[in-house]
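Here the structure comes first, spelled out in structure tokens, and everything after it is commentary.
In UniProt numbering, the protein residues as written are 1 to 415.
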């Protein structure tokens with residue numbers, strides 16, 4: 001933890017010219033006004049494969065814009081998206097494919113495509129953008145979770161081993177003088193095991209948007225939803241198999257799978273072969289309004305992911321009083337779910353089936369968890385997360401690397 005942080009001098013104050021005395025650095029959110037912040041991310045929210053990580057990035061970028069910063073986001077190109085556009089005051093620059101975006105980003109940085117800038121946020125989703133090689137400005141590394149388990153699942157063989165070597169060995173050395181931001185204590189702990197100095201890993205949790213009004217009530221029949229990208233490490237098969245196991249006891253049970261992704265076809269095949277295909281609905285990508293409606297109608301949400309840095313959908317479902325059953329080993333779920341209060345954490349597939357089955361039967365307990373889920377979802381707001389992110393960013397620009405958790409904004413921090 002850092003010590004006391006000096007408050008920045010007001011803009012109208014003069015600094016005395018005292019020998020051997022220099023004004024203190026401007027820190028916290030006061031430091032971001034008028035600065036140019038460049039984010040490097042492999043996707044943005046308009047990308048069909050965009051998800052919670054991209055939502056987090058754009059919320060943080062918006063918070064910086066609202067505090068007077070100029071923000072550019074560099075990300076991969078995708079069909080239908082312009083090479084450049086501006087949304088909510090944020091400039092988006094797109095180039096390169098899902099894998100080519102890394103080289104394109106480094107090239108754009110070397111060619112000064114972004115003009116003068118003050119700080120870089122390098123979003124490491126498995127691989128960093130290697131921005132440290134092309135910049136002498138402060139670089140902040142944003143990490144949602146470590147991909148130790150995901151590399152062999154998504155890229156079996158040599159490619160996965162090289163990817164893990166870059167993430168676990170090369171990246172910590174390359175960014176050894178940089179500030180890190182993790183979205184959970186679990187991610188912070190994992191980064192420390194890779195050799196990242198824990199004294200410069202701060203935690204800024206996700207927030208939750210206020211729930212949109214959703215028409216209708218809970219379904220008259222037992223219902224479970226899964227919401228997220230359809231990729232292997234989300235392990236949606238576990239939810240499908242759970243529904244197949246519970247159908248004999250709950251013949252009217254339905255599973256609604258919301259989201260899209262390159263793993264959708266294998267999931268549809270798995271659902272058809274599970275014997276519960278008629279109980280499973282794949283919605284594909286849906287509007288925000290339709291997603292909120294699914295949350296509001298479902299009795300429970302299942303989150304069988306192999307790894308989650310936080311689990312943004314947990315808070316979204318919680319806003320509607322829909323409790324989540326998730327794997328404890330996913331990491332961030334241990335912080336976004338208060339086990340037994342706002343949802344249930346389980347250790348394996350057998351426990352997943354048992355917990356879902358029990359809660360489908362236990363109406364009073366389900367309602368108790370629903371109340372806890374609502375309360376938990378209100379603990380973490382985007383407004384506070386944006387202030388915390390701006391504080392860590394501003395401190396890093398002032399030369400202060402720190403290990404703080406959800407710090408308050410500069411104007412409210414004790415000095």
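Yeah, the Cβ is synthetic: ideal placement off N, Cα and C, and Gly gets one too.
Check	Outcome
Tell me the DSSP secondary structure of residue 23 in three-state form.	The predicted position of residue 23 is uncertain, since its pLDDT is 48 and thus under 50; a value taken from the coordinates is nonetheless stated next. Correct three-state label for residue 23: coil.
Can you check whether the CB of residue 167 is closer than 7 Å to the CB of residue 145?	no
Is there contact here, the region 57-71 with the region 28-48, by at least three beta-carbon pairs under 8 Å?	yes
By alpha-carbon positions, which one of 228, 201, 44, 48 ends up nearest to residue 61?	44
Is the number of C-beta pairs between the region 200-211 and the region 316-334 that are closer than 8 Å three or more?	yes
By how many angstroms is the C-alpha of residue 185 removed from the C-alpha of residue 335?	8 Å
Who pairs with residue 36 in a beta bridge, going by DSSP?	70
Within the continuous beta strand (DSSP E) that includes residue 223, where are the two ends?	223-227
For residue 297, does the count of other Cβ atoms within 10 angstroms reach 16, so buried, or fall short, so exposed?	buried
Taking the straight line between their C-alpha atoms, what separation do you get for residue 138 and residue 268?	46 Å
In or out: residue 133 buried (at least 16 other Cβ within 10 Å) or exposed?	exposed
Count the C-beta pairs between the region 348-361 and the region 287-307 that are closer than 8 Å, then say yes if the count reaches three, no if not.	yes
Counting only runs of 3+ residues fully inside the UniProt domain "Glycosyl transferase family 1" (220-375), write out the beta strand (DSSP E) ranges in chain order.	223-227, 254-258, 280-284, 300-303, 324-327, 343-346
Roughly how many whole angstroms lie between the Cα atoms of residue 49 and residue 228?	10 Å
Can you list the beta strand (DSSP E) stretches of 3 or more residues lying completely in the region 108-137, in chain order?	119-124
Taking contact to mean at least 3 C-beta pairs separated by less than 8 Å, is the region 283-290 in contact with the region 253-267?	yes
Going by the beta-carbon positions, is the gap between residue 38 and residue 114 smaller than 7 Å?	yes
If residue 241 and residue 274 are in contact, beta carbons under 8 Å, what's the gap, nearest whole angstrom?	6 Å
Starting from residue 149, trace the beta strand (DSSP E) in both directions and tell me its first and last residue.	From DSSP, residue 149 is part of no beta strand (DSSP E); its letter is neither H nor E.
Residues in its own chain within less than 6 Å of residue 194 by CB, not counting five upstream and five downstream?	168, 172
Please check if any C-beta of chain B sits within less than 7 Å of the C-beta of residue 219.	Considering every chain present, this structure includes no chain B. It has just one protein chain.
If we count the other Cβ atoms within 10 Å of its Cβ and call it buried at 16 or more, is residue 165 buried or exposed?	exposed
Quick test of your reading: residue 313 and residue 346, contact by CB under 8 Å. State the CB separation rounded to the nearest angstrom.	In fact, because the Cβ distance is near 17 Å, the residues do not count as touching under 8 Å.
Count the CB pairs spanning the region 187-205 and the region 398-406 that are closer than 8 Å, and state whether there are at least three.	yes
Using the Cβ count rule (16 or more neighbours within 10 Å means buried), how would you classify residue 86?	exposed
If we call anything under 7 Å between Cβ atoms a contact, is residue 250 one with residue 222?	yes
Looking at the unbroken beta strand (DSSP E) that takes in residue 87, where does it start and where does it end?	84-87
From what residue to what residue does the alpha helix (DSSP H) around residue 184 run?	It is not in any alpha helix (DSSP H) - residue 184 carries neither H nor E in the DSSP assignment.
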